Each structure stands twice: as structure tokens, then as C-alpha cells.
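In this text, residue positions in the sequence shown follow my numbering: the first is 1, and each later residue adds one. We treat Cβ as the ideally placed atom computed from N, Cα and C, and that holds for glycine. This one's a predicted model, so the numbers in the text were calculated from it and none came from an experiment.
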Amino acid sequence: MKNADYSARMVNLLGLECPPLAAKFLKPGELVPEGYDNSKKMRYCQALMMGKHGHKVLVNGDNITCPASASAFGFKPLPEKLQNGQMMTGMGLFGNPAAAAKTIGLMPRMKPGECAGVLVAPLAQADFVPDVVALEGKPEKLMWVALADIFEAGGRHGFQTGVFQATCIDSTLVPYQTGKLNANLGCYGCRDATDIPEVECLLGFPAGSLDKIVGALEKLAAKAIPRSRAKGAYNSMAACDGQN
1 MKNADYSARM VNLLGLECPP LAAKFLKPGE LVPEGYDNSK KMRYCQALMM
51 GKHGHKVLVN GDNITCPASA SAFGFKPLPE KLQNGQMMTG MGLFGNPAAA
101 AKTIGLMPRM KPGECAGVLV APLAQADFVP DVVALEGKPE KLMWVALADI
151 FEAGGRHGFQ TGVFQATCID STLVPYQTGK LNANLGCYGC RDATDIPEVE
201 CLLGFPAGSL DKIVGALEKL AAKAIPRSRA KGAYNSMAAC DGQN
């Protein structure tokens, strides 16, 4: 199965500690594959965490508990206290309600009813065609994925984040809506609600880029990755310092 092959190659090439995750936005009326748990109340970031630990999860309007991601996916309206900035200011995340409201107002979102649910699973176990691949890992490992994305075409990334909704929007919805890879440093919510370590961050890209990215990673692994990790330039400088 291609999903399992892509996952294994990414893990082996980069030494990923967390497996790549697959996400799919279900359209209204689209059938849910068997084996996807919808019984637990959870945030979307917790669904990704469960996927990281090998579970298959369905998140929809019935079981999602984060009001921001529920609104981003079009499941529920945004609560007034979140929309006017009072909630995030009260949590100490912004200096004033206007700043918080501005940030939430710029939040990418789906139209109400556009999405019936989101399937989340380890990419290796995904029995669906994913829309997005999400990664949790140390910055150095995710750096190579970002480079692989522009390996052939070149250019510069324009990562976007509000340092808020790092998993649901920045790592999942933005790649889905823009068709571009997006990386972020995490957010209050995912760092409070999941087991993501302080030293890790997040990245997501359209699943249609899997073949391109994995192929480029293999080329990077032939030379650039091992040379960078060997720290030859640093060791030369350290050796010179030791001689002085």
C-alpha cells in the first residue's frame, strides 16, 4: 500500500520519532470507513495525538470539544467570547481583546456544513486517500521536509500561523485550502492538551505532494542530510579553537 510505503520511507530517511499522520475531510454524506473511533470527546490536537499512538479517529460536530477548531471546520459557530477576544485575553494569551479578536478574525475556516468530519490515522494505516499529511517532530527533521518540498522548483516558503490552532488550522486546514506546505511552532492549546514535547514543532502538507517530497528526501539523504548532521564545519572550528 502506498501510504505505508511513504510512511516507512519518511521515518527511515529522517529518523522520525513520531509517525506521519493522515487526515481526510469528509464531505456531507460521505461514508466513514469501519474502525474509526468517534466515542471520545476530544480536541482535534488530541485526535492527532491519538493517531500518533496508533489509533484511528473520527472528529466531527458530535465529539469535538475545542470551540475554535469546531468553528474552523464548519461544525459549529464561533462562541461570542472567543470572537470578541475576551476568552483569549482572559487566558493571558493576548494583551487586549482587540488583538485577540483580530487574530481570531483572520482564522482560516471552512463554510458551515462543508465538512462532515475529519478522519485521522497513522499514514501507514490510512485506508483512505488523505488530504493532508501532518508531522510532529524536532525542527531539524521537519526542516528537511520543508526543503524537500522546494527541492526541484526552488523558491521560499511563506509559513503562516497565529500561534493559535497549530494543529487544526496551521498543520491541517491551511495545507488543505492553499495546497502548500505549512509549518508552525505549536500553540498554547496543543501544548496544554497533548503530549507534544517542548522540543518538537509541527508541519503539514497536501498529501498529493507525498511522492515529490519523499523522492526529494531520498536525494537529500544521499548527501546533504548526513553531511549536515556530521557537523563537519563546526568540528573544524572547534578543532581550530582547541589548537589556539
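Which residue marks the beginning of the beta strand (DSSP E) containing residue i, and which one marks its end?
| i | result |
| --- | --- |
| residue 24 | 21–26 |
| residue 201 | 201–206 |
| residue 198 | Neither: residue 198 is in no beta strand (DSSP E) and is coded neither H nor E. |
| residue 216 | Premise fails: residue 216 lies in the alpha helix (DSSP H), 210–221, not in any beta strand (DSSP E). |
| residue 59 | 57–59 |
Over what stretch of residues does the alpha helix (DSSP H) that includes residue i continue unbroken?
| i | result |
| --- | --- |
| residue 117 | Residue 117 -> not in any alpha helix (DSSP H); beta strand (DSSP E) instead, spanning 117–122. |
| residue 142 | 139–149 |
| residue 13 | 2–14 |
| residue 153 | Premise fails: residue 153 is in no alpha helix (DSSP H) and is neither H nor E. |
| residue 80 | 80–83 |
| residue 161 | Here residue 161 belongs to no alpha helix (DSSP H), and DSSP marks it neither H nor E. |
Skipping 5 residues on each side, what residues in its chain have a beta carbon closer than 7 Å to that of residue i?
| i | result |
| --- | --- |
| residue 213 | 145, 148, 149 and 205 |
| residue 190 | 45, 166, 167 and 196 |
| residue 54 | 122 |
| residue 127 | 33 |
| residue 169 | 72, 107 and 108 |
In three-state DSSP terms, what is residue i?
| i | result |
| --- | --- |
| residue 169 | helix |
| residue 245 | This structure cannot settle anything about residue 245, because the visible part of the chain is limited to 1 through 244. |
| residue 174 | helix |
| residue 111 | coil |
| residue 99 | helix |
| residue 106 | coil |
| residue 241 | helix |
| residue 226 | helix |
| residue 70 | helix |
| residue 190 | helix |
| residue 93 | coil |
| residue 29 | coil |
| residue 126 | coil |
| residue 52 | helix |
Buried or exposed, going by whether 16 or more other CB atoms sit within 10 Å of the CB of residue i?
| i | result |
| --- | --- |
| residue 153 | exposed |
| residue 237 | exposed |
| residue 264 | This structure gives no information on residue 264, because the portion of the chain shown stretches from 1 to 244. |
| residue 207 | buried |
| residue 130 | buried |
| residue 192 | exposed |
| residue 66 | buried |
| residue 178 | exposed |
| residue 142 | buried |
List the residues that DSSP assigns as beta-bridge partners of residue i.
| i | result |
| --- | --- |
| residue 135 | 203 |
| residue 182 | 204 |
| residue 62 | For residue 62, which the question treats as bridged, DSSP gives no partner whatsoever. |
| residue 42 | 64 |
| residue 37 | 57 |
Spatial neighbours of residue i within its chain, please: CB distance less than 6 Å, with the 5 preceding and 5 following residues excluded, ordered by chain position.
| i | result |
| --- | --- |
| residue 115 | 25, 73 and 74 |
| residue 20 | 7, 10, 123, 133 and 135 |
| residue 3 | 123 and 126 |
| residue 50 | 57 |
| residue 85 | 97, 100 and 101 |
| residue 47 | 57, 59 and 120 |
At least one CB of chain D closer than 9 Å to the CB of residue i: is that the case?
| i | result |
| --- | --- |
| residue 99 | Absent from the structure: chain D. Only one protein chain is present. |
Which same chain residues end up closer than 8 Å to residue i when comparing Cβ atoms and leaving out the 5 residues on each side of it in sequence?
| i | result |
| --- | --- |
| residue 93 | 100, 164 and 188 |
| residue 18 | 52, 135, 136, 137 and 200 |
| residue 231 | none |
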